[in-house]
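S.K.: Quick note: the working numbering has the sequence shown finishing at residue 246, numbered continuously throughout.
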Amino acid sequence: MYIFIDESGDLEPGKGTEYFIIGMVFYYKRDLSEINRVINMHNRFLWQNGWPKSREIKATLLYNYKTVLNKIELSNLKIGPRLYLQEIYNDINELDVKSGFLIHKPSNQGAMLRCLHKEKIYNFLSKNLYNECFGYLRENMNIYVDQRNITLVKKQKKINRTIQRLNLNYIGYINHELTYQFALRKHISPEIEISFENSKRVKGLQVADYLTWAVRKKYEGKPFWYNLLIKIEKVEKLDNF
Numbered sequence: 006m007y008i009f010i011d012e013s014g015d016l017e018p019g020k021g022t023e024y025f026i027i028g029m030v031f032y033y034k035r036d037l038s039e040i041n042r043v044i045n046m047h048n049r050f051l052w053q054n055g056w057p058k059s060r061e062i063k064a065t066l067l068y069n070y071k072t073v074l075n076k077i078e079l080s081n082l083k084i085g086p087r088l089y090l091q092e093i094y095n096d097i098n099e100l101d102v103k104s105g106f107l108i109h110k111p112s113n114q115g116a117m118l119r120c121l122h123k124e125k126i127y128n129f130l131s132k133n134l135y136n137e138c139f140g141y142l143r144e145n146m147n148i149y150v151d152q153r154n155i156t157l158v159k160k161q162k163k164i165n166r167t168i169q170r171l172n173l174n175y176i177g178y179i180n181h182e183l184t185y186q187f188a189l190r191k192h193i194s195p196e197i198e199i200s201f202e203n204s205k206r207v208k209g210l211q212v213a214d215y216l217t218w219a220v221r222k223k224y225e226g227k228p229f230w231y232n233l234l235i236k237i238e239k240v241e242k243l244d245n246f
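Right, here's the structure in full:
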């Protein structure tokens, strides 16, 4: 099975987002052509209609395109990217996937959690979401996590080395937790592969981005895009409300 993981919002209190969401997309077919076809089709349409190839294609960027793109880029658009999001969600709704989300309020973090580095908080919250979605897991898992955002470590000199260390911390922590849970609940040892990837290469991460963003917008009082995903089975864990 495949698991695609992305996040939406900011873990640090007072950074402009009320909610921080971790999203997981679970896909059980060996062949990823279904996901690749849908994402490639919409990416190609956006490029053909003026979306700059130098820009990422993410839900938040399409939604906020008027403030994201410069004047020249805006003048090249033949469609409204925010309006086109509806077409993307309609097709994602037809994908044979399941999903899980952890909804966290940074402003409600306790003192012990606030003193931790954001990456340790992220790892801890991820562990909780894996456990909440344990019924979706299989003993053979290929896990793809959206690559680290360098803004998390931009003040440090050796960014690449720091990102590598943080990734290894996540891999070791989650491997240990999942191995323990499978031994405890199913008495088996799972096969786990975890990698951090660019969403341009792994299209399932773009699906995770769209779903996770829609969940965050729902909790912000704008459920329109979330309501387009009625066919997708979801687990939603409210973390610290």
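The beta carbon of each residue, even a glycine, is placed where N, CA and C say it ideally should be.
Using a Cβ distance threshold of 8 angstroms, determine whether the stretch 99-113 contacts the stretch 61-74, with at least three qualifying pairs required.
M.R.: no
S.K.: How close, in whole Å, do the beta carbons of Leu216 and Leu234 come, if the pair is a contact with beta carbons under 8 angstroms?
M.R.: With a Cβ gap of about 7 angstroms, Leu216 and Leu234 count as contacting.
S.K.: Give me whichever residues DSSP pairs with Ser200 in a beta bridge.
M.R.: Tyr149
S.K.: Going by the beta-carbon positions, is the gap between Gly55 and Asn75 smaller than 7 angstroms?
M.R.: no
S.K.: Take Arg221 as the anchor and find which of Gly105, His192 and Asp96 has the nearest alpha-carbon.
M.R.: Gly105
S.K.: Whole angstroms are fine: how far does the CA of Ile44 sit from the CA of Asp96?
M.R.: 9 angstroms
S.K.: Do the stretch 169-180 and the stretch 25-35 touch if we need at least three Cβ pairs shorter than 8 angstroms?
M.R.: no
S.K.: Quick check: the Cα distance between Thr156 and Ser13, rounded to an integer number of angstroms?
M.R.: Residue placement at Thr156 is flagged as unreliable, the pLDDT there being 41, under the threshold of 50; a coordinate-derived value is accordingly withheld.
S.K.: Have a look at the DSSP bridge pairing and note the partners of Met29.
M.R.: Ile10 and Gly105
S.K.: With the cut-off set at 7 angstroms, would you say Ile40 and Gly209 are in Cβ contact?
M.R.: Yes, the pair counts as a contact, with Cβ atoms nearer than the cut-off.
S.K.: Quick check on Lys34: does DSSP put it in helix, strand or coil?
M.R.: coil
S.K.: How big is the Cα-Cα spacing for Phe9 and Tyr149?
M.R.: 5 angstroms
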